[in-house]
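Enquirer: First, the structure itself, so that you have it in front of you.
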DNA sequence: ACTACGTCCTGCTTGC
DNA sequence: TGCAAGCAGGACGTAG
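Residue numbers (the numbering used here): 57 to 339.
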């Protein structure tokens, strides 16, 4: 569920409450949380203990905290949270990794019910971790290149939503914001990515930026307690969703009932009137 | 090389 | 009522 806006909210919280502080202790409670750290648990702990957090950066749904030349890289997965709170508070059941700081203030807890998220230390990863070299820039970055994306989409023999969810083409978009963006520009999720005119790609990415910006203003989308900011507070953009999770409800634009289709082992929500299905799967 | 699908994981919801 | 199946889904490995 955390997509770009939710991860950005977390990044801002880390920027405010963690940057500039020196890590005192690192405790790993669940090995799966650092499964992608190549050096193992002892190495993970050793590389972070005593280091000062220099910044909080983000690309798409990944965020990283530069510590000297290295970086602590984080992906929240489905249910990951980075929580800043009283160091003496009892550990909740799903705390996977805990960081304390030299100043004795609030600690940082990586909490993750479904354990799809992970942390790792990226050597020399302060600028851009090598582990995410394949992740394309997100549409809120200065280096985002619309012309490059347009060219890549032209050779893609797949539906536009699959392409939108492919983080090597454009990052930060997940199932919720993909459906919301496609609804805004009246595109069906199965429209051939290679059949879109450049103007349509530009319009779609404009809608993505629009939805991201509005969601950021609302503090992100929270359906339940699984997404919260670093202080444990929920966002309320779910109230502004037009189609996602609204099967059977009227389309806010035309009144036709929203539909839900099975899609990639998940769901696609769309208005069957505003977003016409391609006749032969490619249109 | 490119695309599609299964897998990981837990807890809440739905249905028989 | 109770249990089982369904559902949520990001990213990666593998199959085709």
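Beta carbons: idealized from backbone N, C-alpha and C, even for Gly.
1) Taking the alpha-carbon positions, what's the residue 23 to residue 165 distance?
2) Flag this pair as yes or no: are the beta carbons of residue 60 and residue 129 separated by less than 8 Å?
3) Relative to the alpha-carbon of residue 208, which residue among 159, 248, 196, 231 has its alpha-carbon at the smallest distance?
4) For residue 335 and residue 253, what's the separation of their Cα atoms in angstroms?
5) State the DSSP-derived secondary structure class of residue 348, mapped to helix, strand or coil.
6) Closer than 8 Å by C-beta to residue 312: which residues in its own chain qualify, once you throw out the five before and the five after it? Chain order, please.
7) Sort out for me which residues DSSP pairs residue 131 with in a bridge.
8) For the structure I just gave you, are there three or more beta carbon pairs, one from the stretch 291 to 303 and one from the stretch 78 to 85, closer than 8 Å?
9) For the stretch 132 to 152 against the stretch 202 to 218, are there 3 or more C-beta pairs whose distance is under 8 Å?
10) If we ignore side chains and look at the alpha-carbon of each, how far apart do residue 212 and residue 222 end up?
11) Ends of the beta strand (DSSP E) at residue 167?
12) List the whole-angstrom C-beta distance separating residue 143 from residue 162, where the pair is believed to meet the contact cut-off of C-beta under 8 Å.
13) Does residue 55 pass the burial test, meaning 16 or more other C-beta atoms within 10 Å, or should it be called exposed?
14) Taking C-beta to C-beta, are residue 243 and residue 260 nearer than 8 Å?
Expert: In terms of the structure at hand:
1) One cannot answer for residue 23 here, as it falls past the ends of the chain, which runs 57 to 339.
2) Indexing the first chain from 1 puts residue 60 at position 4. Indexing the first chain from 1 puts residue 129 at position 73. Cβ distance not < 8 Å, so residue 60 and residue 129 don't count as in contact.
3) Translated into positions along the first chain, residue 208 becomes position 152. For residue 208, the nearest C-alpha among the options comes from 248.
4) For the purposes of this step, residue 335 is identified with residue 279 of the first chain, where counting begins at 1. For the purposes of this step, residue 253 is identified with residue 197 of the first chain, where counting begins at 1. Residue 335 and residue 253: Cα-Cα distance of roughly 18 Å.
5) Any property of residue 348 remains undetermined from this structure, which presents the chain solely from 57 to 339.
6) Position 256 of the first chain, counting from 1, holds the residue named residue 312. Excluding positions up to five away in sequence, the list reads 306, 327, 328, 329, 330.
7) Taking the first chain and counting its residues from 1, the one referred to as residue 131 is at position 75. Residue 131 is bridged to 118, 174.
8) no
9) no
10) Numbered from its first residue, the first chain carries residue 212 at position 156. Numbered from its first residue, the first chain carries residue 222 at position 166. C-alpha separation (whole angstroms): 11 Å.
11) Counting from one through the first chain, the residue named residue 167 turns up at place 111. Residue 167 -> beta strand (DSSP E) spans 163 to 168.
12) As a working mapping, residue 143 is identified with position 87 in the first chain. As a working mapping, residue 162 is identified with position 106 in the first chain. That belief holds up - the Cβ atoms of residue 143 and residue 162 are roughly 6 Å apart, short of 8 Å.
13) The displayed coordinates of the chain run from 57 to 339. Any statement about residue 55 would go beyond what the structure contains.
14) Along the first chain, read from residue 1 onward, the residue named residue 243 stands at position 187. Along the first chain, read from residue 1 onward, the residue named residue 260 stands at position 204. It is a contact, given that the beta carbons lie within the stated cut-off.
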